[in-house]
Every structure is written in structure tokens, then in C-alpha cells.
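Below is one structure, written out as C-alpha cells; comments come after it.
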Amino acid sequence: MDIASTPATPDANPQIADAAPAPQAPPVIRREDYLPPAWLVPQIALDFRLGVDETQVSARLSVRRNPEGNGTSTLRLNGDQLTPLAVRVDGEAVNDWRMDGADLLVELIGDAHEVDIETAVNPAANSQLMGLYASNGMLCTQCEAEGFRRITFFPDRPDVLSTYSVRMAGDKARFPILLSNGNCTATGEGEDGTHWAEWHDPWPKPSYLFALVAGDLVANSARFTTRSGREVDLNIWVRAGDEQRTQHAMDSLIHSMKWDEEAFGREYDLDLFNVVAVSDFNMGAMENKGLNVFNTRYVLAEPETATDADYDGIESVIGHEYFHNWSGNRVTCRDWFQLSLKEGFTVLRDQLFSADMGSEAVKRIEDVRVLRSAQFPEDSGPLAHPIRPDSYQEISNFYTATVYNKGAEVIRMMRTMAGTEKFRAGTDLYFDRHDGEAATCEDFVKAIEDGTGLDLTQFRLWYSQAGTPQVAVELAHEGDRATLTLTQIVPATPGQPEKQPVPIPLRLALFDRDSGNHAGEQLIVFDQGSQSFTFDGFARPPVVSINRGFSAPVAIDMERSNEDLVFLAAHDDDPFARYEAMQSLVVQHLVAAVGGGLSDAARAEGRRAIGEAFAAVLADEALDDLMRGELMVLPGVAYLAEQVLVADPAAIHEEREALKTWLGGELAEVLGLLHDRVSAVPYGRDAAARGARKTKAQALVLIASGDAAEGARRAIAQYRAADNMTDRQSALTVLCNLEGPEREEALADFHRRYEGNALVIDKWFALQAGSFHPHVLDHIEALSRHPDFTLNNPNRARALYMTAAVNPKAFHDASGAGYRMIGELIRKLDPINPQTTARFVPQLGRWRRIEPTRAAMMRAELEKIAAEPNLSRDVREQVSKSLG
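Sequential numbering of the sequence shown, starting at 238, is according to my numbering.
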């Protein structure tokens, strides 16, 4: 039974099942059942005797009765695959404890006690990579969301804040570096070649922010002086030999610290900031207080091995985790339903940071592309949920594009409505009010409301309603007056059949057809089911540019002629709106083509308009190459599939490829000249050189689509001449799609050149799995048996199989082989790493939006998975919701 339907047990944690759940019935945890913790833990002291095969853990908890709790004498300490070796209260061994499922219950008399618990864990056997685990001989931790309970018994919930003192000891030769949160307070030598270190973090934090790292590491070190004059030592710890690949990460960290002081008034609060790169990691990175643990892919970079996108990813993720020091650590979450409080806000902060570090326009386009390809399908599928969910079975399943990316867009809308200065006043108030507290999304909205003067009563619906609002736009014109009528519908989603209108801030400009100009941008807030807005001074119907800058995460439905879209693609002064016009031209054409609604004449007219817009982009000398490269990218199959009720992904892919072939042939001469021009630009990290590489990559794709032989000739020449990974990878991407000796030559050279470099070999797997080669499924099968492939490393598993799962050519193969491949993977990977496995289920879970033949095969794979007797909670929740 779930806790919503059973009486509360003593100190029942509403985030935790009262007992180990039956595999077939994971408990449902509900936001409305939140209760404050019955006991608090102001201080905890941890003592680790480190070993790869066994680490002994002693924990001393200073527990205090919570005056806001339910008064129970039972202290509930969460555990996961732990056995208490000893339990003492106030120094005395006690027998008044019992196990309740995986949890340890201790009976206490009085209001304050010292509780000592001894446990032992096996890091080497921990393939889930949650808690304390071994990675290539190094020990490290991952505790968010519920990993700390795999280390020791503790009230493992984010509203229990403690100061941590940590002592660790281990073999000095094997673990020469010993790291934890906060500041190092003492070190020393032990007997028999051991040594020890003591760490203390003065800032109270929840258990999910605890971290420990022990291993043979070297550091790239620097120093940062805060605006108040505090000297902070910075270290990025990596394996020996990798330190020369960490300078970009260090520069990004320093830029992040300075930017957060200037943009949000947030200063770092310890004397030390450590970053550790780990090769076996479920996530991108983790913001543990003072000791960030990162996936190596977001730390290591040099031009020979990292693409421009890799460099951007490092800058973004380094910033994201650092910004959590305030939006997540100093102010944390009351419970996991509030996850978007820290993640949505911090994603917005890292987006703004990256925009300031580079091109604001390109960054906005990239962010929206991610939202549309990942979050929009989530919002329209069986796993749709609000940014603040109402229930869950496994919290790790809610680290989603909705919570992160849509959460960021919701907060961005508040910033848009308030203006930058007032929004800053609201965030300052939020940090001042809740510093040192476990807060809620409501606390954040109230602070923005009070700090900006906005009335956000209706706006709160964005936190409680799932689904992407659909906004229909109709333009009427009479005399010199233009009238825009907007109608919004928030589609029904699982558990939410009825929706209310939400406030939608839309940046808007109306262009005069004759002059090509507009009288100024306006911000309208559309908050009713249907609403009309009038504009005077137009002798002819204006050309409408709406949702400029993507001011709201909505889908705009407006009938616009090819002529109007070509006009906006040429004249719109908002970079995102210009990009959107290009995208809309292609979307309208491809959706009609796939639906069989295009005559030969209409198809020719659609292609003519698209070709005209592309030609204008290629010829525009005022356009920088970074933006030019973005405008040349066609909308992806996932986003195109969202435009129809029931999609045939294979047909969409074929029509998209046919359009690329036509564009490549129609614009062959100008594309060739463009590729020649940008190929002459030498490598650099400046915007002009990066733009040249982006445009070069897109030009090569279209050239190869139009003429495979010419594409192969240019691609192999680019590959051989490349002095950086961006050019080498973009050439190999094209070659992987082609049949011929150039493909095999380049793939063999790439593997030989980078053998032993795990991150680059990940690319080698992904490039082949993501190709549109006729035999891509055979290639994936062969790669799964390659000596370099392993399911035990999340990066490698994702490189091959997640790339395949989002490749329409492979995944949606008419035979169903792609579905069977992912179904088999899920069954095989779940016992090893449930958290990574669960990420694959939504690919099959979208079966309701796919044409019937393929949908039946996708559903059949889900049913096979559901029949497995020992599925993890992570996977079972995803599968059961997907089957509905």
C-alpha cells in the first residue's frame, strides 16, 4: 500500500515507503502527505576506514526532537542494502532498535541524544553508482537523491540539515588524495602505510550534498578573490596525464564565480572549492558543497579531442554546478517535489551565464531546440507531469526535461514580465529570506511576487499543470486596424483531464509589409481562454512576429503563407524569430508532405520558398557564421512528429532527407563556395572561428545529401586535414552516412588515433549508432560486441544505445528490430544500473503517438519488460505509466 492510504507509522517519512515494497507495487509518494521530520540532526560526524572491497563507516548523529514534528519517540533512519553492525545511544549499546524493511528504527526517551551506528559497504560491488562506489580504483560518492542511505543509516530527506565533520583513513599508496565537503582541518600519517584527513563543512546541508573522494589524483590549481576579498583555492582533480585538459574547466569556474557575483550578487562562502572528474557517473555532475563531482565529459577538453559543443557543455555544466552553491545548497529543497526550485532556477542561471559568455541569440536557439526535442514530447506523452509533481514512485525518474528545462522557462517568464532589475530584486529577497532553509517552489514565487510587485496568483498554475499550452493565433484586418485573436488550450494529460488558462507572456512585433520595419516590440500577457488585441496604423495586414525570443514555452498555431515566412526569415530583427520563421517554413512543408496533402505543384512551391530562404541566409554578408550555421539546421524528427497527432517517424525521416537532397542539389554551387570559404578559417576559440566550423559542418551535410560522391570527397579531405575534433567529427558524421571506402578508412583511423581515450571512443560509438547508413542496425549489433564496449560504464552505454534510440533510421526500422534492441537492453541493463536504464523507457513509451503497426511492436516490448519478475522501482514506474 502507498502511504496515502495507510495510517501514519511513527515518524513516517512521507518520502519513503514504510517497508521494502513488493516488486509489483512500488509505493506512491504524494506531495500532499508531507510531514516535517520528527527528529533533526544538527551535527553528524562520519569516520571512514577506506577500502575498495570493504569500507567501514562509523556515524555519530547528534539528534534533537523537532518541535514541529509529531512527537514520536521513534527515530526512523533510512537505509538501503545496509546492515547495522552496532547501534549505541549516548555511548551505550542498545537493543531497543528494529528493522522496518530497509529502515532502522531506534526508540529514544528525551529530546536530545547521540546515536552511533556502524556499517560496512562494498564499493567495488556497487554497479548502481549510487552511494559510495569504486571507479577505476578510485572511491567516490553520489548521494542525490537517495544515495546517502546506501552509506549509513540516516533520515535521508532534504529538509534535515546538518553540519558534517568527516574523518577518513586509508592506504596512502592507493588513496593519496582524501577529499570531502568544506575545508580540510587536519591530516596525518597512520600505521602500516595509511594516512588520514579530517574535513569540516560549517554550512548545514542535507545528506544528498555529502561527498567523499579518495584516489590517486593530481590537480590543476588556481586562486579566486571574491568581491569581499576572500581568497578561495580552486582545484580540479583528475587522473595523472589529464591535467593539461582541464584549463577550460578552470577558466569556466572562475568566470562562473565572477558572473554570479555580478549578475545575482552571490559570493562563494568557503576557503576551498574542489572539482573531481570521474569516468563512471550516472549524471553530468553533482553540486556537493565545496566538492563538486563531475562526469569526465564535462571537465576534460583540448582542441584535438573536444568539439566546440563539448567546450560549451563544460562551460555550462561547470557554471550550473557552481551556481547551485546558492540555488540548491544555501537554499535547498524541503522535499523532492520541489526539485525544480533548485534545478529549474539553476538551469536558467546557467543559460543566462552561457549567453553572456558567448552568443545570446545562438544560446537561446540551442536551449529551445533542446526543449522542443526532449520536453515537448515528454509533455504530450504518458509520463507528462507538472514542473512540481504531485506524486512519484521513484524520485530519480523526475530528473526530467520538464523539471529542469521547462522549469527554467517558467522562471524565465517571470523575469520577462518583471524586467531584469525587478527580477533581481525578487531573487535577492528569496536568498535573504530563505538562506539556510529548506524551501518550496511557493516560497520562490512569493519572493518574486513581493520583490517585483507582480501578481502571480494565476501564474502559479504553471507549477501545477502539465502539458504544453497550444496557442492559436488569428489575424483580422479592417481599415487601418489589425486585430489578433489568441486562443489557448492546455491539452489533457494523465491525471489532469481539465486545465485552466495560464498567463502567457508573448513578445510581439507587427511588420509593415512595404517598409519591412516594425514600430517597436510589445509584451502582451495573454491570460484568458480567448483574448483579442488591436493595433492601429496598418493600411495592409501586417506580418506577425510572435513569441519573439521564445518568451513562453508554448506551441504557436498560426496559418502563415510561405511569403510571410520568407519575409520574416529575411527581415525579422529578433534572431530567434528569424530562426523560427525558417523552422516554420520547413515544418509546414514536411508535415503536409508526410500527410499526403501536397500536390506536385504544392511540393515544388514549398521547396522553392525554402530554397529562397536558405539562399538568402547563405548570401547574407551581415550575418555571422554562428547564426548562419543555426539557421541552416532543419527541425529534427522528434519535433516534427510532435506536430501531428499520430506520427510515422520513418516517413518523416524520409521526407526530411528528401528535402536535404533537394536543397543540396539546388544550392550546390553556393554551398561549395561557402564550404571553401569557411574551410580557410584557421582554428581558434573565438566566435568567428567557431562560427566558421559550425557553418562548415552544416554546408557539408547538405553537399553530401545532394551529391554523395562530392560529399565523400570533401568529407575525407576535411577529415584528413582536420587539426581539431570539431572538424574531424563533422566530417566523420557525414562519412558514416555513406557507403564506400572513405567511411571505413576514416572510422579505422579515428579508433586507432584515439584508442585509450574513453571520451573520444564514446564519440566513435555514437557517430556510428547515429548514422543514417542503410545497415545501421547491423553496425550497432556489431558494436555491442566490440572489445571496447561495456554496459557498466554509463557514458559508453548511452553513447551506443541512447544514440540509437533517438536515431529514427535505427529505432523506427519497419522490422521492429530497433524496438527489440532497446527492450533487450533495458532487461539486460536494469540489474546493473537501474537509474541509467530508466532513461531508455520513454523512447518506447511514446507508442500512442506512433502509427499503429509500429505502436503495436513498441507496446509489445514494454509488456515483455513489465513481465520481468525483478524489475527495479525506477524501471517499473516508467513501464507501468507507459502502458497506462
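We put the CB at the ideal spot given by N, CA and C, even for glycine.
Query raised in the report: Which residue or residues does DSSP assign as beta-bridge partners of Q733?
Result: T730
**Report entry** Separation of E603 from L507, as counted between CA atoms
**Finding:** 34 angstroms
Query - Whether N961 touches P540 by CB criterion (7 angstroms) - result: yes
Query raised in the report: If you run the structure through DSSP and keep just helix, strand and coil, what is D337?
Result: strand
Query raised in the report: Under the DSSP definition of a beta bridge, which residues are partnered with A296?
Result: L283 and I354
Query - Check whether V727 and Q702 have beta carbons under 7 angstroms apart - result: yes
Requested in this report: Report buried or exposed for L438, applying the criterion of at least 16 other Cβ atoms within 10 angstroms of its Cβ.
Outcome: Before going on, a small fix: residue 438 reads as Asp here, not Leu. When all chains shown are included, D438 counts as buried.
Report task. List in chain order: all unbroken alpha helix (DSSP H) runs of 4+ residues lying wholly within the stretch 903-943. Result -> 905-916 and 924-943
Query - Residue nearest to N1141 in terms of C-alpha spacing, selected from G347, L585, G688 and V265 - result: Since the displayed the chain opens at 238 and closes at 1121, residue 1141 lies outside it and no answer follows.
Query raised in the report: What are the boundary residues of the beta strand (DSSP E) that includes N420?
Result: N420 to E426
Query raised in the report: Between which two residues does the beta strand (DSSP E) harbouring L743 extend?
Result: I741 to F748
Requested in this report: Jot down the residue ranges of each uninterrupted beta strand (DSSP E) in the stretch 498-541, minimum 3 residues, whole runs only, in chain order.
Outcome: 509-515 and 528-532
Query raised in the report: Can you tell which of V915, G928, H1010 and A936 has the C-alpha that lies nearest to the C-alpha of K897?
Result: A936
Query raised in the report: What's the gap between the Cα of T730 and the Cα of G581?
Result: 21 angstroms
Query raised in the report: The beta strand (DSSP E) with N457 in it runs from where to where?
Result: V455 to T462
**Report entry** Contact under 7 angstroms by Cβ, A275 with G306
**Finding:** yes
Query - 6 angstroms Cβ shell around Q261 - same chain, five flanking residues per side excluded - result: Any reading at Q261 must be qualified, since the residue scores a pLDDT of 48, below 50, and its modelled position is unreliable; no value is offered.
Query raised in the report: Using the rule of at least 16 other Cβ atoms within 10 Å of the residue's Cβ for burial, across every protein chain shown, is G716 buried or exposed?
Result: exposed
Query raised in the report: Bridge partners of F770, per DSSP?
Result: L721
Query raised in the report: V1116 by DSSP, collapsed to three states: which one?
Result: helix
Query - Alpha carbon of A789 to alpha carbon of R989, nearest angstrom - result: 47 angstroms
Query raised in the report: Out of curiosity, what's the CA-to-CA distance linking Q1001 and V971?
Result: Inspection of the sequence shows that residue 1001 is occupied by Trp rather than by Gln. Straight-line Cα distance between these residues: approximately 13 angstroms.
Query - Buried versus exposed, by CB contacts within 10 Å (16 or more), H890 - result: buried
Report task. Check whether the Cβ atoms of A371 and V289 sit closer than 7 angstroms, and answer yes or no. Result -> yes
Report task. Tell me whether the beta-carbon of F510 lies closer than 7 angstroms to the beta-carbon of V475. Result -> no
Requested in this report: Assign L882 to buried or exposed, taking buried as 16 or more other Cβ atoms, counted over all protein chains shown, within 10 Å of its Cβ.
Outcome: exposed
Query raised in the report: In whole angstroms, what separates the C-alpha of P1068 from that of S1109?
Result: 7 angstroms
Report task. May I have the straight-line CA-CA distance separating V530 from S417, to the nearest angstrom? Result -> 11 angstroms
Report task. In angstroms with no decimal places, state the Cα-to-Cα distance between G235 and R335. Result -> Past the boundaries of the shown model lies residue 235; the chain is included only from 238 to 1121, so the question cannot be answered.
Query raised in the report: Just the Cα atoms here: how many angstroms apart are L312 and E674?
Result: 22 angstroms
Report task. Return the bridge partner residues of C377 from the DSSP annotation. Result -> Y370 and V450
Requested in this report: Consult DSSP for W1134 and reduce its assignment to one of helix, strand or coil.
Outcome: Lying outside 238 to 1121, the shown extent of the chain, residue 1134 is not represented and no answer is given.
Query raised in the report: Counting contacts by CB-CB distance shorter than 7 angstroms, is Q575 in contact with chain D?
Result: Absent from the structure is chain D; it holds one protein chain and no more.
Query raised in the report: Terminal residues of the continuous alpha helix (DSSP H) containing H826?
Result: P812 to V831
Report task. Using a threshold of 7 angstroms, state whether the C-beta atoms of D517 and L366 are closer than that. Result -> yes
Query raised in the report: Skipping 5 residues on each side, what residues in its chain have a beta carbon closer than 6 angstroms to that of L415?
Result: M405, A434 and A451
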